[in-house]
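Peer 1: I'd like to ask some things about the structure below.
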Amino acid sequence: VKPFSILPSSAGRETRLLLVTLGLSAVLLLVLAQFRFPVAERALQAGPVAPPLERLAARATFDELARIMAAVDRRVSPSMLVFDIRSTDATPGGGGELLAHRAPALRVRDDMALVALQPGEQVAAILGQDAAVQLVARDDVRGLAVCRVPQAVAPTLSVEEITATVSARYVALVEASRSGPSARPLFIGRLDPVDDARWGQPLAAFGGALTAQPGTFVFTLNGELVGMVVADRGLPALVPASLLLAAAEELARGRGRAQGDLGISWQRLTPAIARATEAPSGVVVAQVAPGGPADGALFPGDVVQGIDGRTIDSLADARLAEASLVTGQPASLQVVRDRQRIEVSIVPREAPRDSKPSPPATLGLTTRTTREGLEVVRVTPGSAADLAGFRPADLITHIDRQPITATNNLVRAWDDAPAGRSWLLTVIRSDASLVIAIVKP
Amino acid sequence: MTRRYHDDLEVGGRDAIDIEIAPTAPLVASGRLAQLLRTRAALGLRPLAAPALVFVPIGLLLGRYGLGVLSDDLLVHLDFVLAIALAALGLFVGLALDLRGRFDVRLLVAANVESAMTIAIVAGCAWWLLVRWDVPLGLASSVVALALGVAASASSAGHVDSAENPLTRTATRIADLDDGVPLLVGGFALALMRHPPAAAAGYTLLTCALGLLVGLAGWLLFERAHGPAERGVFVIGAVALLGGAPAFLGLSPLLAGLVAGLFWTYAPGHADQIIRDDLRRLQHPLVVILLIAAGATLRFSMMALWLFVPFVAFRLAGKLAGGWIASRLTRGLAPADLGAWLVPPGLIGLAFAFSVDQVLGPDVGRALLSAVVLGTLASEIIAVIVVPDPEAT
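Line by line, the protein sequences give chains A and B.
At position 95 of the first sequence (counting the first as 1) the number is 95 in our numbering, and the numbers step up by one without a gap.
For our numbering, count along the second sequence from 1 and bump the result up by 441.
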């Protein structure tokens with residue numbers, strides 16, 4: 001046995017080999033450390049000649065996926081309904097346009113179904129059934145509603161908890177088609193956790209485009225409920241099944257989520273107001289309810305740019321952020337007042353439940369007569385004209401195809417008409433002609 | 442029951458394939474390469490035709506870069522078979538850890554010091570390089586580096602007939618004994634890929650518990666079977682459980698197999714002999730499937746090439762350094778140039794890379810598997826050049 005020694009002079013072949021190798025490795029390590037991985041990784045492609053059997057295998061793959069989807073469709077169909085949803089674009093400036101679409105609904109009990117329902121939307125009917133649909137409770141913050149539907153045995157739902165660490169996989173999207181629920185595959189490359197104040201727990205964002213419509217239900221290829229797609233800041237996100245079903249259970253018991261209320265009327269920030277207030281974004285406080293939470297803290301003309309850290313860019317943002325506030329806990333509002341940015345703290349109250357404010361019966365238009373028609377001078381916020389989408393400087397030329405020449409014509413027609421009467425008004429706005437429908441509530 | 446000693450020397454013992462590809466005439470008639478091959482043949486080492494060098498190219502030919510017969514979709518269906526193959530390999534490692542006397546214990550210590558040294562060198566260098574290179578791995582560089590180190594630490598002395606030379610026999614025995622620590626570390630590394638360290642340690646224990654439970658079930662059943670057919674069903678069922686359950690949970694079938702193999706080895710009775718005899722029939726089909734699948738799964742991606750470099754470059758240094766220390770720990774019972782005997786990589790590293798691929802999926806997992814496959818082929822070629830000295834003691 002050779003003596004234990006690391007001295008090269010007395011070292012054997014193996015020691016010399018080791019020392020040379022270690023030396024070379026150290027040099028190699030230092031040399032390799034000088035390189036950087038290329039940012040745009042390019043995978044080396046297969047040879048230009050297509051493998052002869054690859055196409056056969058690929059076809060078999062699609063056949064298999066189609067078969068799996070058919071099986072998922074059969075498995076989840078008994079749990080699904082399709083609702084006809086109606087809505088009126090009631091946002092100021094929205095024009096009161098009548099909208100309709102179909103949405104899938106998940107039967108969470110034998111006589112109740114869960115559907116994604118945005119504020120202003122109503123369930124009109126169940127596709128393929130004559131029975132009426134009765135709203136049990138809705139949560140406008142999360143955009144959910146539970147409706148009473150004709151009794152049927154609800155299949156037992158299996159649930160799979162999906163996490164942001166899940167590897168790439170296929171899932172089945174169940175969406176509404178013309179004839180009923182329909183499943184199609186969606187490949188999820190990755191899931192990223194995303195915070196959403198509406199849900200209190202992280203959702204899973206998956207991808208950069210709305211490949212799945214909000215309100216679509218997601219199942220595994222084994223028919224287990226994974227969750228529901230919602231839009232989170234314009235991108236699709238997945239509400240986990242457990243969270244979704246817990247919210248549905250609350251609604252099924254008639255307990256909608258308490259919504260915050262600041263006692264404010266909001267108004268869109270127009271370019272003119274933006275210039276005047278030097279606030280490039282946000283929404284304008286149009287009215288502050290006397291004695292309300294914001295009384296004394298906010299004033300008409302204030303521009304709210306953020307609520308509790310959420311950026312406010314539109315009326316929808318403001319309403320959603322307001323409704324998301326937790327009752328009794330101070331909320332911080334970022335406000336522009338007198339061209340100065342200030343921070344205001346307000347304690348929201350709970351919004352009255354199931355008491356939708358009835359649309360105002362007033363027309364809400366102040367006009368002046370011109371040779372071409374009636375020019376809108378002012379639109380009362382929250383009035384029927386405001387909801388119909390009238391704006392100052394609009395020129396009303398016709399009412400129900402008849403030329404209009406005097407304000408009295410319009411006011412008299414409004415006062416004399418019964419509730420529900422509607423008119424079509426031809427309006428010129430910025431040299432463009434458009435038709436606006438106005439309905440007397 | 443007595444056992445022929447050299448049956449334990451290679452995982453699974455000699456078989457028809459070993460006999461078929463035994464050293465004959467070198468492939469090249471003249472030149473330096475021919476001399477190297479003749480030297481290896483004189484040492485009783487395989488000249489060139491290690492199984493990986495035969496079957497991985499076949500897999501490559503059948504895969505997407507060749508005929509496209511073994512497409513990705515077909516390979517997905519092989520996942521369960523591969524999991525069973527991994528469990529079977531783990532079992533063989535566990536069965537090989539049958540220590541008889543202080544000599545074997547000393548070899549075991551030396552072998553595991555050698556493998557730990559290789560893991561440390563490869564993982565350390567790879568980690569440093571991955572951080573410097575800023576490779577977009579999607580998980581901690583240290584975990585990927587550790588996986589590379591584990592895959593690099595496996596070795597096979599590559600003997601043909603080790604009974605003829607005591608030094609060869611000892612080197613082969615060390616090559617068989619040095620897989621325990623890598624499989625244990627590998628099981629932990631695999632769990633680390635999906636869980637934080639504390640939870641990963643728990644999942645590693647869970648893997649061991651799974652192996653122990655299946656081992657216990659097999660121990661109770663094997664010797665109570667009413668005939669060979671029933672016993673075969675028990676054996677297949679046990680191995681399927683050892684492969685399937687950990688693979689389903691994202692754990693290491695290799696570690697589960699190792700624990701079960703250890704249990705059967707040291708539990709009273711003949712469970713180890715039964716499983717060894719029955720699995721020997723399956724061993725080589727599974728190994729061939731593993732190697733062909735490795736070839737077919739190979740993807741020449743940029744990331745794979747960047748992972749391949751540290752694997753090959755520092756594996757040799759790790760093996761030589763580990764072997765240098767291990768040979769001194771055995772006090773002359775092993776060849777002084779033990780590292781040179783341990784350069785051939787064998788199958789365990791590939792098998793572990795398959796586990797990583799099954800856990801991590803098509804991005805990093807596939808890149809790491811491809812790096813290990815390429816590294817295995819390169820190491821087999823290096824082993825042709827780094828020839829051990831038969832007189833080195």
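The beta carbon of each residue, even a glycine, is placed where N, CA and C say it ideally should be.
Please read these numbers as outputs of a predicted model, since none were measured by experiment.
If I measure Cβ to Cβ from residue 827 of chain B and keep anything under 6 Å in the same chain, skipping five residues before and after, which residues do I get?
Peer 2: Translated into the one-based positions of the second sequence, residue 827 of chain B becomes position 386. Closer than 6 Å at Cβ, skipping near neighbours: 781, 784.
Peer 1: Considering only their Cβ atoms, is the gap separating residue 136 of chain A from residue 254 of chain A smaller than 8 Å?
Peer 2: Here residue 254 of chain A is taken as the residue at index 254 of the first sequence, counted from 1. Here residue 136 of chain A is taken as the residue at index 136 of the first sequence, counted from 1. Yes; because the gap between Cβ atoms is below 8 Å, this pair is in contact.
Peer 1: Here's a check: name, in chain order, each residue in its chain whose Cβ is nearer than 8 Å to the Cβ of residue 202 of chain A, leaving out the five neighbours to either side.
Peer 2: Residue numbering aside, residue 202 of chain A sits at position 202 when the first sequence is read from its first letter. Counting only Cβ-Cβ distances below 8 Å, and skipping sequence neighbours, we find 164, 193, 194, 195, 196.
Peer 1: Going by the DSSP bridge assignment, what does residue 343 of chain A pair with across the sheet?
Peer 2: Here residue 343 of chain A corresponds to residue number 343 of the first sequence, with the count starting at 1. Note: residue 343 of chain A sits in a beta bridge opposite A:334.
Peer 1: Under the three-state reduction of DSSP, which class applies to residue 322 of chain A: helix, strand or coil?
Peer 2: Along the first sequence, read from residue 1 onward, the residue named residue 322 of chain A stands at position 322. Correct three-state label for residue 322 of chain A: helix.
Peer 1: Quick check: what's the CA-CA separation for residue 693 of chain B versus residue 636 of chain B?
Peer 2: As a position in the second sequence, residue 693 of chain B is number 252, starting the count at 1. As a position in the second sequence, residue 636 of chain B is number 195, starting the count at 1. Answer to the nearest angstrom: the Cα atoms are 14 Å apart.
Peer 1: My parser needs the alpha helix (DSSP H) runs of 4 or more residues fully inside the region 496-561 of chain B; what are they?
Peer 2: For the region 496-561 of chain B, whole alpha helix (DSSP H) runs of length 4 or above, ordered along the chain, are 513-518, 520-537.
Peer 1: Within 8 Å (strictly less), CB to CB, does residue 637 of chain B reach chain A?
Peer 2: Here residue 637 of chain B is taken as the residue at index 196 of the second sequence, counted from 1. No, its Cβ sits nowhere closer than 8 Å to a Cβ of chain A.
Peer 1: Within a Cβ cutoff of 6 Å, which residues of the same chain sit near residue 740 of chain B, ignoring the five residues on either side of it in sequence?
Peer 2: Walking along the second sequence from the start, residue 740 of chain B turns up at place 299. 807, 811.
Peer 1: If contact means a Cβ-Cβ distance below 9 Å, which residues of the region 9-33 of chain A contact chain B?
Peer 2: Listed in sequence order: 12, 13, 14, 15, 17, 18, 21, 22, 24, 25, 26, 28, 29, 32, 33.
Peer 1: Would you verify that the beta carbon of residue 520 of chain B is, or is not, closer than 8 Å to some beta carbon of chain A?
Peer 2: Indexing the second sequence from 1 puts residue 520 of chain B at position 79. Not closer than 8 Å to any Cβ of chain A, the Cβ of residue 520 of chain B fails to qualify, so no.
Peer 1: Identify whether residue 817 of chain B lies in helix, strand or coil by the three-state DSSP scheme.
Peer 2: In the second sequence, counting from the first residue as 1, residue 817 of chain B sits at position 376. If DSSP states are grouped into helix, strand and coil, residue 817 of chain B belongs with the helices.
Peer 1: Any residues in the region 554-570 of chain B with a beta carbon nearer than 9 Å to a beta carbon of chain A? Which ones, in chain order?
Peer 2: The region 554-570 of chain B vs chain A, Cβ under 9 Å: 562, 566, 569, 570.
Peer 1: Is any beta-carbon of chain A found at less than 8 Å from that of residue 765 of chain B?
Peer 2: One-based indexing of the second sequence puts residue 765 of chain B at position 324. Output row for residue 765 of chain B: interface = yes.
Peer 1: Classify residue 651 of chain B: buried if its beta carbon has 16 or more other beta carbons within 10 angstroms, exposed otherwise.
Peer 2: For the purposes of this step, residue 651 of chain B is taken as residue 210 along the second sequence, with counting starting at 1. Classification for residue 651 of chain B: buried.
Peer 1: Hey, quick one: how far does the alpha helix (DSSP H) through residue 653 of chain B stretch, first residue to last?
Peer 2: Here residue 653 of chain B refers to the residue found at position 212 when the second sequence is read from its first residue. 638-663 is the extent of the alpha helix (DSSP H) around residue 653 of chain B.
Peer 1: Checking contacts by CB at 8 Å: is residue 178 of chain A closer than that to chain B?
Peer 2: Taking the first residue of the first sequence as position 1, residue 178 of chain A is located at position 178. Taking Cβ atoms only, chain B never reaches closer than 8 Å to residue 178 of chain A, which makes this a no.
Peer 1: Please classify residue 446 of chain B: does DSSP put it in a helix, a strand, or coil?
Peer 2: The count along the second sequence starts at 1 and reaches residue 446 of chain B at position 5. With a pLDDT of only 38 at residue 446 of chain B, under 50, the local geometry of the prediction cannot be trusted, and the value read off the model is given with reservation. In the structure shown, residue 446 of chain B sits in a helix (DSSP, three-state: H, G or I).
Peer 1: Go through its chain and collect everything with a Cβ distance to residue 300 of chain A's Cβ below 7 Å, but skip five positions before and after it.
Peer 2: Here residue 300 of chain A refers to the residue found at position 300 of the first sequence. These residues qualify, in order along the chain: 285, 286, 287, 288.
Peer 1: On the CB-based measure, 16 or more other CB atoms within 10 Å of its CB, does residue 575 of chain B come out buried or exposed?
Peer 2: Counted from its first residue, the second sequence places residue 575 of chain B at position 134. It counts as exposed.
Peer 1: Helix or strand or just coil, what does DSSP make of residue 160 of chain A?
Peer 2: Position 160 of the first sequence, counted from the first residue, corresponds to residue 160 of chain A. Correct three-state label for residue 160 of chain A: coil.
Peer 1: Quick one: is the Cβ of residue 371 of chain A within less than 7 Å of any heavy atom of the ligand ZN?
Peer 2: Looking for the ligand ZN in the displayed structure turns up nothing, as the structure carries no ligands at all.
Peer 1: Give the residues of chain B in contact with residue 168 of chain A, contact being defined as C-beta atoms less than 9 Å apart.
Peer 2: To locate residue 168 of chain A, count along the first sequence from 1; it is residue 168. The contacting residues are 802, 803, 804.
Peer 1: Going by DSSP, what residues sit across from residue 227 of chain A in a beta bridge?
Peer 2: To locate residue 227 of chain A, count along the first sequence from 1; it is residue 227. The partner list for residue 227 of chain A (beta bridge, DSSP) reads A:218, A:240.
Peer 1: Are residue 173 of chain A and residue 143 of chain A close, meaning C-beta to C-beta below 8 Å?
Peer 2: Mapped onto the first sequence, residue 173 of chain A falls at position 173. Mapped onto the first sequence, residue 143 of chain A falls at position 143. No. Outside cutoff.
Peer 1: Give the DSSP-derived three-state secondary structure of residue 312 of chain A in the structure shown.
Peer 2: Along the first sequence, one-based indexing puts residue 312 of chain A at 312. Looking at residue 312 of chain A - three-state DSSP - the assignment turns out to be coil, as it is neither helix nor strand.
Peer 1: Using the C-alpha atoms, what's the distance from residue 560 of chain B back to residue 759 of chain B?
Peer 2: On the second sequence, residue 759 of chain B is found 318 positions in, with the first residue counted as 1. On the second sequence, residue 560 of chain B is found 119 positions in, with the first residue counted as 1. Those two C-alpha atoms are separated by around 7 Å.
Peer 1: Could you tell me which uninterrupted alpha helix (DSSP H) segments, each at least 4 residues in length, are contained entirely in the region 670-723 of chain B, listed from first to last along the chain?
Peer 2: Whole alpha helix (DSSP H) segments, 4+ residues: 694-707.
Peer 1: Are any of the Cβ atoms in chain B nearer than 8 Å to that of residue 38 of chain A?
Peer 2: If you number the first sequence from 1, residue 38 of chain A lands on position 38. Yes, its Cβ sits closer than 8 Å to a Cβ of chain B.
Peer 1: Along the region 570-597 of chain B, what residues have a CB closer than 8 Å to any CB found in chain A?
Peer 2: Result list: 570, 573, 574, 575, 576, 577.
Peer 1: Between residue 753 of chain B and residue 819 of chain B, is the Cβ-Cβ spacing less than 8 Å?
Peer 2: The residue you call residue 753 of chain B lines up with position 312 of the second sequence. The residue you call residue 819 of chain B lines up with position 378 of the second sequence. Result yes, Cβ atoms of residue 753 of chain B and residue 819 of chain B sit closer than 8 Å.
Peer 1: Taking residue 107 of chain A as the reference, give the member of A:329, A:344, A:146 with the closest Cα.
Peer 2: Locating residue 107 of chain A in the first sequence gives position 107, counting from the first residue. Considering only alpha carbons, the answer is A:146.
Peer 1: By how many angstroms is the C-alpha of residue 539 of chain B removed from the C-alpha of residue 707 of chain B?
Peer 2: As a first step, residue 707 of chain B must be located in the second sequence, where it is residue number 266. As a first step, residue 539 of chain B must be located in the second sequence, where it is residue number 98. Rounded to whole angstroms, residue 707 of chain B to residue 539 of chain B spans 8 Å at the Cα level.
Peer 1: Pull up the distance between the alpha-carbon of residue 587 of chain B and that of residue 710 of chain B, whole angstroms please.
Peer 2: For the purposes of this step, residue 587 of chain B is identified with residue 146 of the second sequence, where counting begins at 1. For the purposes of this step, residue 710 of chain B is identified with residue 269 of the second sequence, where counting begins at 1. Near 37 Å, if we compare the C-alpha coordinates of residue 710 of chain B and residue 587 of chain B.
Peer 1: Note down, in chain order, every chain A residue with its Cβ under 7 Å from the Cβ of residue 754 of chain B.
Peer 2: For the purposes of this step, residue 754 of chain B is taken as residue 313 along the second sequence, with counting starting at 1. Within chain A, the residues near residue 754 of chain B are 25, 28.
Peer 1: For the beta strand (DSSP E) that contains residue 397 of chain A, what are its first and last residues?
Peer 2: Numbered from 1 along the first sequence, position 397 holds the residue referred to as residue 397 of chain A. Taken as a continuous stretch (DSSP letters only), the beta strand (DSSP E) holding residue 397 of chain A covers 395-399.
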